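Below you'll find the structure, written out as structure tokens, and then a few comments.
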Amino acid sequence: MILVWLIVILMVGGLLAWLSKKWHPVLPRWIALFAVLADLGLALYLWLRTPAATLGASPWLVRLEVPWIPQWGVNFILALDGLSLLMLLLSFFLGTLAVLISWREIRTKSGFFHFNLLWVLAGITGVFLTMDLFLFYFFWEVMLIPMYFLIGVWGHANRNYAAYKFFIFTQASGLLMLLAILGLYFIHGSQTGIYTFNYFELLDTALAPVAARLLMFGFLAAFLVKLPVVPFHSWLPDAHSEAPTAGSVILAGLLLKTGAYGLLRFVLPLFPTAAVEFAPWAMLLGVIGIIYGAILAFSQTDLKRLVAYTSVSHMGFIILGVFAFNEWALQGIVMQMIAHGLSTGALFIIAGFLYERLHTRDIQLMGGFWSKAPKMGVIALIFVMASLGLPGLGNFIAEFLTLVGSWQANNWLTVFATIGLVMATVYSLRIMQKVFFEPAPMEQALPDLTSREMLIATPMVLMILWLGLYPQPVLDTARPSIKQQLQAYQPASLEEKSLVAVPIAPPAVQVQLGDTVHFYKTRGGTHEPK
Amino acid sequence: MSQNDFLHLMPLLILTFAALLIMLVIAAWRNHKLIYVITAVSFVAAFLSLFELRGVVSYAIEPLLVIDGFALFYIGLILATALLISMLSYAYFEQQKEQKEEYYILLTLATLGACVLVVSTHFASLFLGLEVLSVSLYALVSYLRVRERSDEAGIKYLILAAFSSAFLLFGMALVYFSTGTMTFAGIATAMATLPELPLLLLTGFGMMIIGIGFKLSVVPFHMWTPDVYEGAPAPVTAFVATVSKGGVLGLLIRFFMEVEGFRYPTLMLIFTIVAIASMFAGNLLALMQQNVKRILAYSSISHLGYLLVAFLAGNRIGMEAVTFYLVAYFITTVGAFGTVALLSGEARDAEQLEDYRGLLWRRPWTATVFTAMLLSLAGIPLTAGFVGKFYVLAAGVNTQQWLLVVMLVLNSVIGLYYYIKIIAVMYQQPDTEREPQQRQRPSVYVASVGTLAVLAILLVLVGVYPTALVQLIQDMLYNMPAVVAR
Chain A
375 MILVWLIVIL
385 MVGGLLAWLS
395 KKWHPVLPRW
405 IALFAVLADL
415 GLALYLWLRT
425 PAATLGASPW
435 LVRLEVPWIP
445 QWGVNFILAL
455 DGLSLLMLLL
465 SFFLGTLAVL
475 ISWREIRTKS
485 GFFHFNLLWV
495 LAGITGVFLT
505 MDLFLFYFFW
515 EVMLIPMYFL
525 IGVWGHANRN
535 YAAYKFFIFT
545 QASGLLMLLA
555 ILGLYFIHGS
565 QTGIYTFNYF
575 ELLDTALAPV
585 AARLLMFGFL
595 AAFLVKLPVV
605 PFHSWLPDAH
615 SEAPTAGSVI
625 LAGLLLKTGA
635 YGLLRFVLPL
645 FPTAAVEFAP
655 WAMLLGVIGI
665 IYGAILAFSQ
675 TDLKRLVAYT
685 SVSHMGFIIL
695 GVFAFNEWAL
705 QGIVMQMIAH
715 GLSTGALFII
725 AGFLYERLHT
735 RDIQLMGGFW
745 SKAPKMGVIA
755 LIFVMASLGL
765 PGLGNFIAEF
775 LTLVGSWQAN
785 NWLTVFATIG
795 LVMATVYSLR
805 IMQKVFFEPA
815 PMEQALPDLT
825 SREMLIATPM
835 VLMILWLGLY
845 PQPVLDTARP
855 SIKQQLQAYQ
865 PASLEEKSLV
875 AVPIAPPAVQ
885 VQLGDTVHFY
895 KTRGGTHEPK
Chain B
228 MSQNDFLHLM
238 PLLILTFAAL
248 LIMLVIAAWR
258 NHKLIYVITA
268 VSFVAAFLSL
278 FELRGVVSYA
288 IEPLLVIDGF
298 ALFYIGLILA
308 TALLISMLSY
318 AYFEQQKEQK
328 EEYYILLTLA
338 TLGACVLVVS
348 THFASLFLGL
358 EVLSVSLYAL
368 VSYLRVRERS
378 DEAGIKYLIL
388 AAFSSAFLLF
398 GMALVYFSTG
408 TMTFAGIATA
418 MATLPELPLL
428 LLTGFGMMII
438 GIGFKLSVVP
448 FHMWTPDVYE
458 GAPAPVTAFV
468 ATVSKGGVLG
478 LLIRFFMEVE
488 GFRYPTLMLI
498 FTIVAIASMF
508 AGNLLALMQQ
518 NVKRILAYSS
528 ISHLGYLLVA
538 FLAGNRIGME
548 AVTFYLVAYF
558 ITTVGAFGTV
568 ALLSGEARDA
578 EQLEDYRGLL
588 WRRPWTATVF
598 TAMLLSLAGI
608 PLTAGFVGKF
618 YVLAAGVNTQ
628 QWLLVVMLVL
638 NSVIGLYYYI
648 KIIAVMYQQP
658 DTEREPQQRQ
668 RPSVYVASVG
678 TLAVLAILLV
688 LVGVYPTALV
698 QLIQDMLYNM
708 PAVVAR
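As they're listed, the protein sequences go chains A and B. With this note's numbering applied, the first sequence covers 375 to 904. With this note's numbering applied, the second sequence covers 228 to 713.
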């Protein structure tokens, strides 16, 4: 039930925030803050309640299952494992910050703004929790509309174009995933006679190689666009740079992670053979993304656009790691998701602070801020260092683990990926150089960070330091579920998978649900595909 | 006719008497509110009489009509929609200077025609129903005569509808010539022995498809749609887009199920081409429009294309999907045109994109409802349109019609663009302040705002918890022998 609360609090909070604007203009902000904090509290409670040691037996901490549309085999399944839990913690942490940074920035329609903000978070929470593919698609789409409004209503000058592009890219790719989900549903149904969208049952589907390949590409379409991987990335710089700060933070910190999460949760376990076939190409795309993103980031003058391209580069590591199929790499990815969420989120926040003061994002017009705003300078320095992968900060652990893992899978591509790290140093230092150290092109007043802004920045600094110095709790939490995603890739089972279904879920998960009414089965199976 | 026959025809009889009663009342005393109340009450009464007939498996009134679960469901759908439209009409016509009372006679008669269509099992009743519907619509479309485009729309509709009726009649004659019967069952028996369609019969079917296709406004019989949608008063547009199409679609399903039209590759090919052409033409042409009613017109063309994808699945899940999608489409379309009607003034309808600029700031609730309707048309979750589109896709994937399914996906993406375009305009920062609340009489207020609220709630309800509706549709089709056999 606690999992439902996580979503319901956000949705109800969003509605309340919208309606409460009538009574008092500040009320929506407080309601939103409390809703996200409540969720953060719940997630922390879930984490602290389950020490890592007990995770070994079954990766699933909490599960909930309620029939929703029994005629189609759609269930309202929410399940939490280590991976989901980490993602939720990140979501609510960044969500809290997103509310705080909007406190002064958003002045028009604040009620509707917070409604959208909370509903994006609700959609993301749903995506990280649900284990029913119909419901997954449902939440996947629920994230989009509010995000569209966040960009389209409160964005910068070119917001309409960016919002259109974002929406159409993600919607188109999502529909391809829907087709793949339906294909999987009917294949599984025709094999077993049970038509269901239940993830745990669909894991057992035995697929012919061609079908597996096609279905995998359907899923990949959605995740690779969302991640984004290089040929499909063009929505990202526009959306990130035009969105309001809170929107950028959520886009970079969370929406991109849903793509990575989808790869881990669905593509790897559902299509092991097809994924292995595709792996070299995927890793190649990842490396291209790392280098291409870095080069483009170096040549931007718009600060937010620059940070957006660093995301493209960092997300390259994720796809590189996912398709290395080993625990090192996947641990690295989980770390990368969290560390990138924090560091890039922080950089967008700093860009937001600067924009609020200067009303420009052009780094040609900035310079010499180190002496004017030392607090901001230090904070920016920390996150720029994180972004280039300085040891002691979270991103280093992430990139190191990913590269160690991918080295075992593909030596040459890893070499090129490592070159990308050098390029990261170049573009990251350029940010510091241009904004803080170079002599100022013009005289302008720049107040230093206020206490509210310090309140936002300090926890992020602490988090990224903690991740860099003592990442063990995170690794421990993620390990069981990573092991599970990789189960199909153990050498023994790899060959058999295409012919015989290997039960992937451990016994505890296989408590099947007899109470679900399967309409297609009970009425004489007239729905078999021809 | 026995007493039992009358009992089973109660919904149709109520509508007939309502039309007569309204005419007599108008002769005695012209009062808009009174006429509206009579209309609404008779729709409600007809709807309630359906519950009396619940559980009827199949009751034939030889040789013309049959009342079964399928017919009851579609009649219910038509009546509920007509009721909502009549409520919207009341608010809409209250501000017009024309004589408004006759409108309700025509509305009732048109609804009656649509109801007859879905219960008919004979060419004669089919044609009667279609003509009652069409003739009423000729007048309804050009009801507000003083408006600029009203006559154009009316005449266009009149000429083209008459023309397509002629095609339909000729087609029926050819079918009759080849099979020697005009009942659906008789045609099915005659065709059962044929391995493939003889040329004459095929020609007959082809001409009938022209007649039917015109009513459904699928490509290439869609030319009238944007002009008529634009010229007709908003509630009438809603009626043309929903009830008239729904009735014809119900008829098409019944006829095809009965004669097993899905066996013939030629017919399937025709419908496949029509479906793909409708999706593309509708969506691509909508991209160019600046007029909201025209956008919705082209969007309705593409939606009929989506419906045909499910129709072409040709099995039970396909028919479920068609019916479900139709319900979702009805809710959404009436909601969308309802918003247009709500915003319209005396001189003209709110149809230019400019009329919607900054609507969110001026009238937040209306804008929210309209956004929900547009998102439903685009097939975004939490709305009925999403579940409908999902159902249609499932039907297509189930029968492995990959071409159609991929075209549907492609078109959904194209369609997004112009739905978002309207939404984006509504959310732009306005130049003006929030409109002062207009003082409206309570009855008008309830009729317009209440209807939209009901539609919005239904939209979300069906989108979030479609189980009940799915169950209803499955039970309804379960009782239909021709469908169960497939």
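Glycine included, every Cβ here is placed at the ideal spot set by N, Cα and C. If you're wondering where the values come from, they're calculated on a predicted model, not measured in any experiment.
Review point. Do the segment 595 to 605 of chain B and the segment 633 to 652 of chain B meet, that is, are 3 or more Cβ pairs less than 8 Å apart?
Key: yes
Check your understanding: When you compare each of B:318, B:274, B:322, B:321 to residue 798 of chain B by their alpha carbons, which one comes out closest?
Key -> Residue numbering for chain B in the displayed model covers 228 to 713; residue 798 of chain B lies beyond these limits and cannot be assessed.
Check your understanding: How many Å lie between residue 761 of chain A and residue 804 of chain A at the Cα?
Key -> 12 Å
Exercise for review: Would you grab the beta carbon distance between residue 682 of chain B and residue 558 of chain B for me? Rounded to a whole angstrom, and I think it's under 8 Å.
Suggested key: 6 Å
Review point. Based on the DSSP output, what are the partners of residue 376 of chain B in its beta bridges?
Key: According to DSSP, which records beta bridges pairwise, residue 376 of chain B is partnered with nothing at all.
Exercise for review: With 7 Å as the threshold, decide whether the Cβ of residue 568 of chain A is near any Cβ in chain B.
Suggested key: no
Check your understanding: residue 655 of chain B to residue 612 of chain A, Cα distance in whole Å?
Key -> 19 Å
**Study point:** Any chain B beta carbon closer than 7 Å to residue 502 of chain A
**Key:** no
Review point. Is residue 268 of chain B buried or exposed, if buried means 16 or more other CB atoms sit within 10 Å of its CB?
Key: exposed
Review point. Any beta-carbon of chain B closer than 7 Å to the one on residue 390 of chain A?
Key: no
Review point. What's the gap between the Cα of residue 711 of chain A and the Cα of residue 585 of chain A?
Key: 30 Å
Exercise for review: Any chance you could list the beta strand (DSSP E) runs of at least 3 consecutive residues sitting entirely within the segment 524 to 550 of chain A, in chain order?
Suggested key: none
Practice item. Report the rounded CA-to-CA distance for residue 730 of chain A versus residue 270 of chain B, giving the unit in angstroms. Key: 59 Å
Practice item. Measure from the alpha carbon of residue 718 of chain A to the alpha carbon of each residue in A:620, A:593, A:741, then state which is nearest. Key: A:620
Review point. Quick one: is residue 546 of chain A near chain B, going by C-beta distance under 7 Å?
Key: yes
Check your understanding: Skipping 5 residues on each side, what residues in its chain have a beta carbon closer than 6 Å to that of residue 448 of chain B?
Key -> 440, 441
**Study point:** residue 607 of chain B at chain A interface by Cβ criterion, 7 Å
**Key:** yes
Practice item. Excluding the 5 residues preceding and the 5 following residue 740 of chain A in the sequence, name in chain order all residues of the same chain whose CB lies nearer than 6 Å to its CB. Key: 809
Practice item. Examine chain A for any beta-carbon lying closer than 7 Å to the beta-carbon of residue 492 of chain B, and answer yes or no. Key: no
Practice item. Excluding the 5 residues preceding and the 5 following residue 586 of chain B in the sequence, name in chain order all residues of the same chain whose CB lies nearer than 6 Å to its CB. Key: 594, 653
Review point. Under a CB-based cut-off of 7 Å, is residue 643 of chain B close to chain A?
Key: yes
**Study point:** Spatial neighbours of residue 871 of chain A in its chain, beta-carbon cut-off 7 Å, leaving aside the 5 residues before and after
**Key:** Only weak support is given to the placement of residue 871 of chain A: the predicted model assigns it a pLDDT of 39, under 50, and the value that follows is read from those uncertain coordinates. Contacts found: 646, 647, 862.
Review point. DSSP on residue 542 of chain B, reduced to helix/strand/coil?
Key: coil
Exercise for review: Could you list the residues in the segment 559 to 587 of chain B with a C-beta less than 9 Å from some C-beta on chain A, going in chain order?
Suggested key: 587
Review point. Would you call the segment 415 to 425 of chain A and the segment 809 to 823 of chain A in contact, with 3 or more CB pairs under 8 Å?
Key: no
Check your understanding: Which residue spans inside the segment 500 to 541 of chain B form an unbroken alpha helix (DSSP H) run of at least 4?
Key -> 519 to 540
Check your understanding: In this structure, does DSSP put residue 287 of chain B in helix, strand or coil?
Key -> strand
Exercise for review: Using a Cβ-Cβ cut-off of less than 8 Å, give me the residues of the segment 532 to 543 of chain A that come near chain B, in sequence order.
Suggested key: 534, 537, 538, 541, 542
Point to revise | Distance between beta carbons of residue 690 of chain A and residue 667 of chain A, contact taken as under 8 Å | key: 6 Å
Exercise for review: Starting from residue 688 of chain B, find everything on chain A with Cβ-Cβ shorter than 7 Å and list it in chain order.
Suggested key: Those within 7 Å of residue 688 of chain B in chain A number zero; the least Cβ separation is about 13 Å.
Point to revise | Host alpha helix (DSSP H) of residue 786 of chain A (start-end) | key: 785 to 806
Review point. Apart from the five residues on each side of it in sequence, which residues of its chain come closer than 7 Å, Cβ to Cβ, to residue 346 of chain A?
Key: The question about residue 346 of chain A has no answer here: the residues shown for chain A are numbered 375 through 904.
**Study point:** Buried or exposed by the 16-neighbour rule on C-beta atoms within 10 Å, applied to residue 493 of chain B
**Key:** exposed
Practice item. Pull up the distance between the alpha-carbon of residue 505 of chain B and that of residue 645 of chain B, whole angstroms please. Key: 16 Å
Review point. Quick one: what's got a C-beta closer than 6 Å to residue 619 of chain B's C-beta in the same chain, skipping five residues either side?
Key: 533, 536, 537, 548, 552
Review point. Interface residues of chain B around residue 445 of chain A at Cβ under 8 Å?
Key: 694, 697, 698, 701
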